[in-house]
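First the structure, in the form of structure tokens, and then the observations on it.
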């Protein structure tokens, strides 16, 4: 760890995760493809960084009686529960109905109180807010829209810089985008280490793409001008005056990559993405393409990842998509795929995805990929 | 010399990765212990073998020069480790495989730049082919599978790492590892000795159908119950006395386990001797294939990682709390025990395998009854569903 990183994170609870070179993807793309394995955090996702950082700050600010409250259907809740256990704080997780028993058990193993309320996330969030309003000791742990979270997540960039072969600057960093917490952290971290000009590729699914839709509503990397870009049915545009950006609010999310599930992104992160030197390359893929990537990744790397995570890897399994996102410069590119992790994947899911992908391939045709306002297709089989 | 200095001196040009040692929330909660997983699944070539084999390969290049030709007979992980190491060191590598090895394995080896020779219908014939090639070529060296001090020295590096990685200088109450031919166990024992952990209990895990180490221990005075003469030698096993190490080793006629990566018909005699000599002793267990399969499935659900049977065998006892408390009675004390499971890795596992294991385990559970676990000469019944 560099001296500056040690000062910034003196009592960090997260672990420095491995950055491993993927021989499979490197050979497939004729690139140097590195995987940042956030799957190996104590609670199996990158969320452990920002959320433990936030929890430690809450403890320092409010004392040991602080009560951490969070609304989450999974990984954030698990991270919060675990942070609270280590810091010996009270933690209550508000979940909507339908969360898997194994996820609930995980939180209980870490000593959190669980309240199941509402049919979807927003209702659980409202219940959580009520609880925070009623309890003077309670603090709401944010999902993705907070500088403390980004500061914690940013730590992964410091690590990547130290872990890449000396002096190597990535030609691109890939990450998934739900509400923007991870991307926010990566953007903040890149700026801190002199990588503000490193291209950031953000990946969402067609059915859960609040960030892509938000970028579309602003002057930025998207082709054409704002006025000419249609707003999908069910989406409302909201001007955020604090950050001077327009963000999309999606009425419904239809993707199976539920951990991406944010109906609107952090306005601050949208702003950061539009302002950074390296820009942002915003991509949307189909659920089936993410499923296929999860299956390929399991066979190649023997790891099971959620769809929200495999979305990041999916472009690397499709040569024509990768070549558009990371255009050839003549030299062998170095790319870093941030494997955000996630607990919500099972062997049953893998089986289901296998069937879904096979059925989809049988219908013929190609998969649609959206990229900064344009769409193109990629072969289903490769 | 401090262990840090020792480590730096031995391994300053190491090719392998320092792998994470992660505390398993799931297994720790199940056993009320602090259970750590040493994730050698994350090595290049996806198994611990990369440590010892890359160490051997570097040594070979140093002593024989860059024209050295590394040869190995292997159906899997050792071959891949050799190919990866040779690729990094820019030396020639040929892997001898018997017929019938998976095309994906062959492709994987070729992707790493190795030449592949397919010879013979089973491993021993491929090994003979490899030996002939080594004899015929002045530059060629055979990479040993498990019975070599340089290989153990490479594997031992993981113990130095574990010692640094455990919090607050904790000494484990037990270390668990799989045993095929004994390379990993040999490395762990050497490593333990080097860092002052010779008294740390070592639990070695094999499967009933591939248990040459367990059978060898049975042929010697040691931790097994009763005396040697009273212990029956299974059909098909031939005892052989090794005068150099003064131990008797078992030669198994056939291996019946699906955990094929364990597949050694006899263990390293030197490693058997180490196990009998060490202060912390050895707790040798054998489990049924089905129990290893169940562990593969549980580990996949908990830790989202696919491991071979030869690897899940190590984790299987940790999923059985009552068995575990017999193997590690230290865990019954008031202070929570610290246990390290060496997750040795291996690439020969697929989603199809997991589906097959699910069916086999379900069918086995439907039969009722318990699983039998052998432990230092005794048999323990273990509940199939726990």
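Residue numbers (full-length UniProt numbering), protein chains in the order written: chain A, 1 to 382; chain B, 1 to 386. Even glycine gets a Cβ: it sits at the ideal position worked out from N, Cα and C.
- Among the residues of chain B, those whose CB is under 8 angstroms from the CB of residue 303 of chain A are 304, 305 and 306, following chain order.
- Taking the Cα positions, residue 147 of chain A is about 20 angstroms away from residue 84 of chain A.
- Beta-bridge partners assigned by DSSP to residue 371 of chain A: A:283 and A:374.
- Straight-line measurement puts the Cα of residue 142 of chain A at about 15 angstroms from the Cα of residue 123 of chain A.
- A Cβ-Cβ distance of about 7 angstroms is found for the pair residue 10 of chain B and residue 153 of chain B, placing them in contact under the 8 angstroms criterion.
- Proximity to residue 69 of chain A across A:162, A:55, A:61 and A:232 peaks at A:55, based on C-alpha coordinates.
- Distance between residue 111 of chain B and residue 25 of chain A, taken at the CA atoms: about 12 angstroms.
- For residue 347 of chain A, the chain B residues whose C-beta falls within less than 9 angstroms of its own C-beta are 297, 300, 301, 351, 354, 355 and 358, listed in chain order.
- Using beta-carbon distances, residue 163 of chain B does not count as an interface residue toward chain A, since no partner is under 8 angstroms.
- In the three-state DSSP reduction, residue 249 of chain A falls in the strand class (E or B).
- Of the other Cβ atoms in all chains shown, fewer than 16 fall within 10 Å of the Cβ of residue 379 of chain B; this residue is therefore exposed.
- Selection B:180, B:28 and B:292 evaluated against residue 110 of chain A yields B:28 as nearest (Cα-Cα).
- Under the Cβ distance rule, residue 38 of chain A does not count among the residues neighbouring chain B, no pair being separated by less than 8 angstroms.
- Annotation: the region 42-115 of chain B contains the following complete segments of the beta strand (DSSP E) (minimum length 3 residues), in chain order: 69-73 and 92-97.
- At a cut-off of 8 angstroms between beta carbons, residue 42 of chain A contacts chain B.
- In this structure, A:91 is the residue among A:61, A:59 and A:91 with its C-alpha nearest to the C-alpha of residue 71 of chain A.
- Taking one beta carbon from each stretch, the region 69-88 of chain B and the region 141-157 of chain B have 3 or more pairs nearer than 8 angstroms; the two touch.
- Contact check between the region 285-298 of chain A and the region 127-146 of chain A: fewer than three CB pairs, one atom from each, fall below 8 angstroms, which does not count as touching.
- The straight-line gap separating the alpha-carbon atoms of residue 145 of chain A and residue 266 of chain A is approximately 5 angstroms.
- For residue 42 of chain B, at least one C-beta of chain A is nearer than 8 angstroms to its own C-beta.
- Contacts between residue 46 of chain B and chain A, judged by CB atoms closer than 9 angstroms, involve 301 and 302 in chain order.
- For the region 15-41 of chain B, the beta-carbon criterion of a distance under 8 angstroms to any beta-carbon of chain A is satisfied by 17, 19, 20, 22, 23, 25, 26, 29, 39 and 41.
- When the Cα atoms are used, residue 128 of chain A and residue 136 of chain A turn out to be separated by approximately 13 angstroms.
- DSSP places residue 176 of chain B in the strand class (E or B) of the three-state scheme.
- Annotated three-state conformation of residue 5 of chain B is helix, per DSSP.
- The beta-bridge partner set that DSSP reports for residue 341 of chain B consists of B:37 and B:176.
- Within the region 168-198 of chain A, contact with chain B at the beta-carbon level (separation under 7 angstroms) is assigned to no residue.
- Any Cβ of chain A closer than 8 angstroms to the Cβ of residue 258 of chain B would place that residue at the interface, and such an atom is absent.
- Taking C-beta atoms as the reference points, residue 298 of chain A and residue 314 of chain A fail to come closer than 8 angstroms.
- Within chain A, the residues 23, 24 and 27 have their CB atoms less than 9 angstroms from the CB of residue 111 of chain B, given in chain order.
- About 12 angstroms separates the beta carbons of residue 342 of chain B and residue 189 of chain B, which is beyond the 8 angstroms limit, so they are not a contact pair.
- Contact annotation: residue 170 of chain B and residue 287 of chain B have beta-carbon atoms that are not nearer than 8 angstroms.
- If you check the CB distance, residue 261 of chain A and residue 121 of chain A come in under 8 angstroms.
- Residues 218, 267, 270 and 271 of the same chain have their beta carbon placed closer than 6 angstroms to that of residue 245 of chain A, with the five preceding and five following residues left out of the count.
- Under the 10 Å beta carbon count, residue 153 of chain A is surrounded by 16 or more other beta carbons and is classified as buried.
- Taking 8 angstroms as the upper bound on Cβ-Cβ separation, chain A lies near no residue of the region 208-222 of chain B.
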